[in-house]
Amino acid sequence: MVEEMKIGSFAEALSSKAPIPGGGGASALAGALGSALGQMVGNLTVGKKKYAAVEEEVRARMEELSRLSGEFLRLADRDEEVFKPLAEAYGLPKETKEEREYKEAVMEERLLAATMVPLEIMERAVQTMEILEILAEKGSVMAVSDVGVGIQFARTALLGGVMNVYINTKSMKDRQKAEELNGRAGELTAKGIKLADQVYGRVLEGLKN
1 MVEEMKIGSF
11 AEALSSKAPI
21 PGGGGASALA
31 GALGSALGQM
41 VGNLTVGKKK
51 YAAVEEEVRA
61 RMEELSRLSG
71 EFLRLADRDE
81 EVFKPLAEAY
91 GLPKETKEER
101 EYKEAVMEER
111 LLAATMVPLE
121 IMERAVQTME
131 ILEILAEKGS
141 VMAVSDVGVG
151 IQFARTALLG
161 GVMNVYINTK
171 SMKDRQKAEE
181 LNGRAGELTA
191 KGIKLADQVY
201 GRVLEGLKN
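Residue numbers 1 to 209, in full-length UniProt numbering, belong to the letters of the sequence shown in order.
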């Protein structure tokens, strides 16, 4: 499990020629780091007299981020779980009509499973961004740069996810379903990029001035 791996071990596994972990797992890990940074900002905010008025809300956001961090790590593992059967499906025989029909059915099923994981990573990334936007406004000003770093990690999770959606839907025979999934991924991408850039821009401007 990714959660139990040391950072060096994960990086070593990622750098190898083995197909997993790959970009999907790395995207999920980026999301987990982004949400963890948000939790750090919360921890530097609660208990401070200056932020007493927002402490209850910040604590609630920290709980949400803790849940999201765990979900990102689960999705990193899930990405590996769905890739292996998909890779095996590409090697199924297709000499006869029956074999071709069976392979096509199996491929569709496994391509869909492999698409849903990065799509979920994207959804969690946007949720993380929405919380980081709140922390940029209400969290400790001493940790606002960490909000900026966190939002960029969440952005990486989002944009890594969308590429993994598209590479799988590209091979789907059910084009209606593929376009439906692509549409959802496109919506999340547009929303997330806009939000991430707005938050990062505000953080950067505040640090400069």
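All C-beta atoms in this analysis are idealised placements derived from N, C-alpha and C, irrespective of residue type, glycine included.
If you're wondering where the values come from, they're calculated on a predicted model, not measured in any experiment.
Using beta-carbon positions only, say whether A28 and L75 come within less than 8 Å of one another. yes
Would you tell me roughly how many angstroms separate the C-alpha atoms of V199 and T96, rounded to the nearest one? 55 Å
Could you compute how far the alpha carbon of G161 sits from the alpha carbon of G192? 12 Å
Just confirm the distance between the C-beta atoms of L181 and T169, as a whole number of angstroms; I'd bet it's less than 8 Å. 5 Å
Within the chosen definition, does the region 41–48 reach the region 12–29 through at least 3 CB pairs nearer than 8 Å? no
Is it buried or exposed, N164, if we count other Cβ atoms within 10 angstroms and call 16 or more buried? buried
Could you tell me whether the Cβ atoms of T128 and S9 are closer together than 8 Å? no
Could you give the first and the last residue of the continuous alpha helix (DSSP H) run that contains A26? 23–43
Anticipated Cβ contact below 8 Å, V149 with A136, distance rounded: Actually they are not in contact, since the Cβ atoms of V149 and A136 sit about 12 Å apart, beyond 8 Å.
Can you give the beta carbon distance from K103 to A89, rounded, assuming they're within the 8 Å contact cut? 7 Å
Along the alpha helix (DSSP H) that carries Y102, what are the first and last residues, could you check? 97–138
Is it true that the CB of G38 sits closer than 8 Å to the CB of L65? yes
Neighbour-count burial assignment, A185, 16 or more Cβ in a 10 Å radius: buried
By Cβ distance, which residues of its chain are closer than 7 Å to T115, with the 5 residues on each side in sequence left out? V165, N168, T169, L181
Tell me the DSSP secondary structure of A18 in three-state form. coil
State the Cα-Cα distance for the pair R155 and A60, rounded to the nearest angstrom. 22 Å
Three-state secondary structure (DSSP) of S171: coil
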